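Asker:
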Amino acid sequence: MTSLVVRHNARAATTDELAPLAFAGYAHFTAMQVRGGKARGLDLHLERLRSASMELFGSALPDERVRSSLRAAVEAGPADVSLTATMYSSPGEFSATGMQAEPEVLVRTGPPASGPAGPLRLATAEYDRFLPALKHVGEVAKTYLMRQAVKDGFDDAAFVDRRGRLSEATIWNLAFWDGDAVVWPDAEMLLGTTMGIVRRRLDRLGVPQRVQQITPADLPALAGAVVMNSWTPGVAVHQIGPTPIPEAPRFLALLHQAYEAEPLTAF
Numbered sequence: 052m053t054s055l056v057v058r059h060n061a062r063a064a065t066t067d068e069l070a071p072l073a074f075a076g077y078a079h080f081t082a083m084q085v086r087g088g089k090a091r092g093l094d095l096h097l098e099r100l101r102s103a104s105m106e107l108f109g110s111a112l113p114d115e116r117v118r119s120s121l122r123a124a125v126e127a128g129p130a131d132v133s134l135t136a137t138m139y140s141s142p143g144e145f146s147a148t149g150m151q152a153e154p155e156v157l158v159r160t161g162p163p164a165s166g167p168a169g170p171l172r173l174a175t176a177e178y179d180r181f182l183p184a185l186k187h188v189g190e191v192a193k194t195y196l197m198r199q200a201v202k203d204g205f206d207d208a209a210f211v212d213r214r215g216r217l218s219e220a221t222i223w224n225l226a227f228w229d230g231d232a233v234v235w236p237d238a239e240m241l242l243g244t245t246m247g248i249v250r251r252r253l254d255r256l257g258v259p260q261r262v263q264q265i266t267p268a269d270l271p272a273l274a275g276a277v278v279m280n281s282w283t284p285g286v287a288v289h290q291i292g293p294t295p296i297p298e299a300p301r302f303l304a305l306l307h308q309a310y311e312a313e314p315l316t317a318f
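Residues in the sequence shown are numbered consecutively from 52, following my numbering.
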């Protein structure tokens, strides 16, 4: 059974349906890891798709219709996959005719992933994402800045906004450790679903957390750093820009413990 499955509105996608999307860039999406036919934080993924659809299209599909599309894709492939659900409007971009059009959903699955082993070294790049709270497509800057970082001898890039604050990395959320508490950056960014899972589970575990502005100048005072996304709740970061970051195995273990405490949910 192949892990590559594409479903359009819960049906097998046709070439005619997919061809226009190859040239489209007005859409948003969510990504998740499916294990045993289930996923963690499904409520957060549905909320992300719902709120982003209201912002971009002025309407949103009912959660049950979205779940039906996700379920159709998962049932058509193996039990463990990576899944991406993309919401778009058929009138497309560069046109006002799509305003208030009901969005459609395209679901793609592929091989499961767990992210790099790390530790990672992150270059810093001055960059503010457009509509940072939305996980939208067509963000050429992310790939460009990642590749520039690799050319400069780093593994990836972290963003510093116009106010000098660290916000997020190219395809990651950032999290820091002060030795006792988890520190989340205070800046405009995408609030990742894995980040949401970890935060609510850390609360239940009684682990202190806080949100604060973090600049590159603040890094020497911190005791650890990670990146996280739909692949993983934590990959160690040992350098940001010129600043080395201490190893923090307890921090990394706490994040993974919190994530694994979140139950898997059926579609």
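Note that CB positions come from ideal geometry on N, CA and C, so glycine has one too. Being a predicted model, the structure only gives us computed values, none of them experimental.
Of all the options P129, L121, F108 and A238, which has the alpha carbon lying nearest to the alpha carbon of S140?
Answerer: F108
Asker: Fully enclosed by the stretch 110-148, which alpha helix (DSSP H) runs are 4 residues long or longer?
Answerer: 114-126
Asker: Straight-line CA distance for G161 to A184?
Answerer: When rounded, the separation of the alpha-carbon atoms in G161 and A184 is 26 Å.
Asker: Once DSSP output is grouped into helix, strand and coil, what is the label at D207?
Answerer: strand
Asker: From V278, T66, A168 and Q290, pick the residue whose C-alpha is nearest to that of L225; which is it?
Answerer: Among V278, T66, A168 and Q290, the Cα nearest to that of L225 belongs to V278.
Asker: What three-state label does DSSP hand T266 in the structure shown?
Answerer: coil
Asker: If you follow the beta strand (DSSP E) that I291 is part of, which residue opens it and which one closes it?
Answerer: T283 to I291
Asker: Nearest by alpha-carbon distance to F80: which of R62, A63 and E106 is it?
Answerer: E106
Asker: Checking the sheet assignment: what are the DSSP bridge partners for M83?
Answerer: For M83, the beta-bridge partners assigned by DSSP are L134.
Asker: Could you tell me whether the stretch 250-257 touches the stretch 125-133, where touching means 3 or more Cβ pairs closer than 8 Å?
Answerer: no
Asker: Please tell me whether K186 and R101 are closer than 8 Å, where the distance is taken between their beta carbons.
Answerer: no
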